[in-house]
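Here's the structure we're looking at; comments come further down.
2 protein chains.
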Amino acid sequence: MEQSKIPQATAKRLPLYYRFLNNLNHQGKARVSSKELSEAVKVDSATIRRDFSYFGALGKKGYGYNVEYLLGFFRKTLDQDEVTEVALIGVGNLGTAFLNYNFTKNNNTKIVMAFDSDPSKSEGNVGGVPIYHIAELEDRIGDVKVAILTIPASEADGITTRLVDCGIEGILNFTPARISVPEHIRVHHIDLAVELQALVYFLKHYPLDEGL
Amino acid sequence: MEQSKIPQATAKRLPLYYRFLNNLNHQGKARVSSKELSEAVKVDSATIRRDFSYFGALGKKGYGYNVEYLLGFFRKTLDQDEVTEVALIGVGNLGTAFLNYNFTKNNNTKIVMAFDSDPSKSEGNVGGVPIYHIAELEDRIGDVKVAILTIPASEADGITTRLVDCGIEGILNFTPARISVPEHIRVHHIDLAVELQALVYFLKHYPLDEGL
DNA sequence: CATAAGTCGTGATTAATTTCACAATAGTAT
DNA sequence: ATACTATTGTGAAATTAATCACGACTTATG
Chain X
1 MEQSKIPQAT
11 AKRLPLYYRF
21 LNNLNHQGKA
31 RVSSKELSEA
41 VKVDSATIRR
51 DFSYFGALGK
61 KGYGYNVEYL
71 LGFFRKTLDQ
81 DEVTEVALIG
91 VGNLGTAFLN
101 YNFTKNNNTK
111 IVMAFDSDPS
121 KSEGNVGGVP
131 IYHIAELEDR
141 IGDVKVAILT
151 IPASEADGIT
161 TRLVDCGIEG
171 ILNFTPARIS
181 VPEHIRVHHI
191 DLAVELQALV
201 YFLKHYPLDE
211 GL
Chain Y
1 MEQSKIPQAT
11 AKRLPLYYRF
21 LNNLNHQGKA
31 RVSSKELSEA
41 VKVDSATIRR
51 DFSYFGALGK
61 KGYGYNVEYL
71 LGFFRKTLDQ
81 DEVTEVALIG
91 VGNLGTAFLN
101 YNFTKNNNTK
111 IVMAFDSDPS
121 KSEGNVGGVP
131 IYHIAELEDR
141 IGDVKVAILT
151 IPASEADGIT
161 TRLVDCGIEG
171 ILNFTPARIS
181 VPEHIRVHHI
191 DLAVELQALV
201 YFLKHYPLDE
211 GL
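In the order they appear, the protein sequences are chains X and Y.
Read in UniProt numbering, the first sequence has 110 at position 110, and its numbers run on one by one without any break.
Read in UniProt numbering, the second sequence has 143 at position 143, and its numbers run on one by one without any break.
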């Protein structure tokens, strides 16, 4: 918890850096410059250097960064060694997408259980993840602290309340509803319809160049 | 294209405001204050007032905002009357989720066609949207200017090149790959794995309170 | 060894966004 | 009418993030 001074904008880019460093490593590249990385992840090179610098001097002047070293560093920083268990609520199309995906490669998160209100889905198993009926939420969730919400908006509030009572700490909400939670619980909203509309708005109103 | 001075951060919130105003309207509410709206969309009320103020004085002091008026205003501003056609590339789980969803309510975007490389999927039809084989991309896409990419990362570059050649203007990229496009094309990346990892990182390193 | 080329780390600057805080005004109640 | 209350719109301040630009250092080359 020491490095709480890292800007949120930087923190959000860390997983991205991590994945690309992993790619480079698999490709057998031993070193990389902020300029090269910049082209790969589409983030300004000065921003990358600044981001890295919050963690200390990780590179060498005139050389760049050693891929393996950097990777090892981020592995620790991003807690890649310790897997965070995640519960998925709602096994519709979107939920199924997550289950099949299940963040297989270089990832520190794992969906360990899923819930659905449809009895024909529960008792099943998708991508090796057991699916339970939503009624079993409280019994099954154990000490899982992170949930992905891929349910209809109308159910968001009810499920959220139950998750909060189960001691959940973070929710990734794909529901269009903006859910209310106690202050100490973190919610990230990803609103697919809004994202698409925003893209369309930018296309019409913000003439060429300038990525998001 | 007149109001190019609207901050990007504001522009990204507009679709969200629009949807909640619609909800309020359906509920029969005639007026709303920035404070109420703030609670609903989880955006600071001063930010909401500031956002609205870029479009002029839309509210009344001591009263708030007239829901219907505001809604009418945003409908025009967000081009809600004119539907933007969208093509979906990749009818896997995630792609299917989009097709079934298809942004039915209060939306100015519509997926009008989908493509997949699996012949057993193409020639089909999901949620009323025709699915073509990816080989037909150039023949079928017509003047659709926006594409959603829900394909494996390995195919991202190839498909992107073809889309660019077809004259695409905006891409909503769900692929983990950071695609390269000419300057005048807008790409928004939504990286599900990164979002989840970022949430986990925040949980571990940023103690309670403060939503993203 | 000396020179050239490349690249980091960061102070300083600029830009973007959020938040504070309050005067002005509209509505409401008596 | 008058007083009271609610709420906007916005100047100013604060915060956060991105970018510039350059000194210092590393490696490569002849």
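All C-beta atoms in this analysis are idealised placements derived from N, C-alpha and C, irrespective of residue type, glycine included.
Bounds of any beta strand (DSSP E) do not take in THR150(Y), whose DSSP letter is neither H nor E. For LEU14(X), the residues of chain Y that pass the 7 Å Cβ criterion are TYR201, in the order they occur in the chain. Under the DSSP definition of a beta bridge, LEU88(Y) partners with ALA114(Y), ILE148(Y). A Cβ-Cβ contact shorter than 8 Å links ALA177(X) with ALA156(X).
Proximity to TYR54(X) across ARG75(X), GLY90(X), PRO7(X), SER180(X) peaks at PRO7(X), based on C-alpha coordinates. In terms of beta-carbon proximity, ILE131(X) stays away from the interface with chain Y, with every pair separated by 8 Å or more.
Looking at the DSSP output, PRO207(X) sits in no beta bridge, so it has no partner there. In the displayed model, ARG49(Y) falls within a helix according to three-state DSSP. Look at the beta carbons and you see the segment 89-97 of chain X touching the segment 145-160 of chain X: at least three pairs across the two are nearer than 8 Å.
The closest CA to that of VAL41(Y), considering only TYR17(Y), ILE190(Y), GLY158(Y), ASN25(Y), is found on TYR17(Y). Among the residues of chain X, none has a CB under 8 Å from the CB of PRO152(Y); the nearest is roughly 10 Å distant. A distance below 6 Å between beta-carbons, with the five flanking residues on each side excluded, links LEU172(Y) to the following residues of its chain, in chain order: ILE148, HIS188. Between the alpha carbons of LEU24(X) and LYS204(Y) lies a gap of roughly 27 Å. Short of 7 Å from the beta carbon of LEU71(X), and not among the five residues preceding or following it, lie these beta carbons of its own chain, in chain order: LEU21, ASN22, ASN25. The C-beta of PRO176(X) comes closer than 8 Å to at least one C-beta of chain Y. Non-local C-beta neighbours of SER34(X) in its own chain, meaning closer than 6 Å and more than five positions away in sequence, comprise SER45, ILE48, ARG49, ordered along the chain. Of all alpha-carbon atoms in ALA9(Y), ARG75(Y), ASN66(Y), the one lying nearest the alpha-carbon of ASP51(Y) is that of ALA9(Y). Annotated three-state conformation of LYS12(Y) is helix, per DSSP.
Close to THR96(Y), with beta-carbon spacing below 7 Å, are these residues of chain X in chain order: ASN93. Around the CB of ALA135(Y), fewer than 16 other CB atoms lie within 10 Å, so the residue is classed as exposed. Residues of the UniProt DNA-binding region "H-T-H motif" (16-55) of chain X that bring their beta carbon within less than 7 Å of a beta carbon in chain Y comprise LEU16, ARG19, ALA40, VAL41, LYS42, in sequence order. Taking a beta-carbon distance threshold of 8 Å, LEU58(Y) does not count as an interface residue toward chain X.
In the assembly as shown, ASP143(X) is an exposed residue. Its beta-carbon has fewer than 16 other beta-carbons within 10 Å.
With a threshold of 8 Å between beta carbons, ASP139(X) makes no contact with chain Y. When 7 Å is used as the limit between beta carbons, VAL194(X) is near these residues of chain Y: PRO15, LEU16, in chain order. Within 8 Å of the CB of ASN108(Y), the CB atoms of chain X belong to GLN197, VAL200, in sequence order along the chain.
An exposed status is given to GLN27(X), since fewer than 16 other beta-carbon atoms sit within 10 Å of its beta-carbon.
In the three-state scheme derived from DSSP, where H, G and I count as helix and E and B as strand, LEU70(X) is classed as helix. Secondary structure at VAL126(X): strand, using DSSP grouped into helix, strand and coil. Chain X has no Cβ within less than 8 Å of the Cβ of ALA156(Y). A distance below 7 Å between beta-carbons, with the five flanking residues on each side excluded, links LEU163(Y) to the following residues of its chain, in chain order: ALA147, ILE171. Against chain X, the CB of GLY167(Y) has no partner CB under 8 Å away; the residue lies outside that interface. Contact check for VAL83(X) and THR109(X): beta-carbon distance about 7 Å, within the 8 Å limit, so the pair qualifies. Ranking SER180(X), ARG186(X), ILE179(X), VAL43(X) by CA distance to the CA of LYS145(X) puts ARG186(X) first.
Scanning chain Y for C-beta atoms nearer than 9 Å to the C-beta of ALA11(X) yields ALA198, TYR201, PHE202, HIS205, TYR206, reported in chain order. Straight-line spacing of the CA atoms in PHE174(X) and VAL200(Y) works out to 16 Å.
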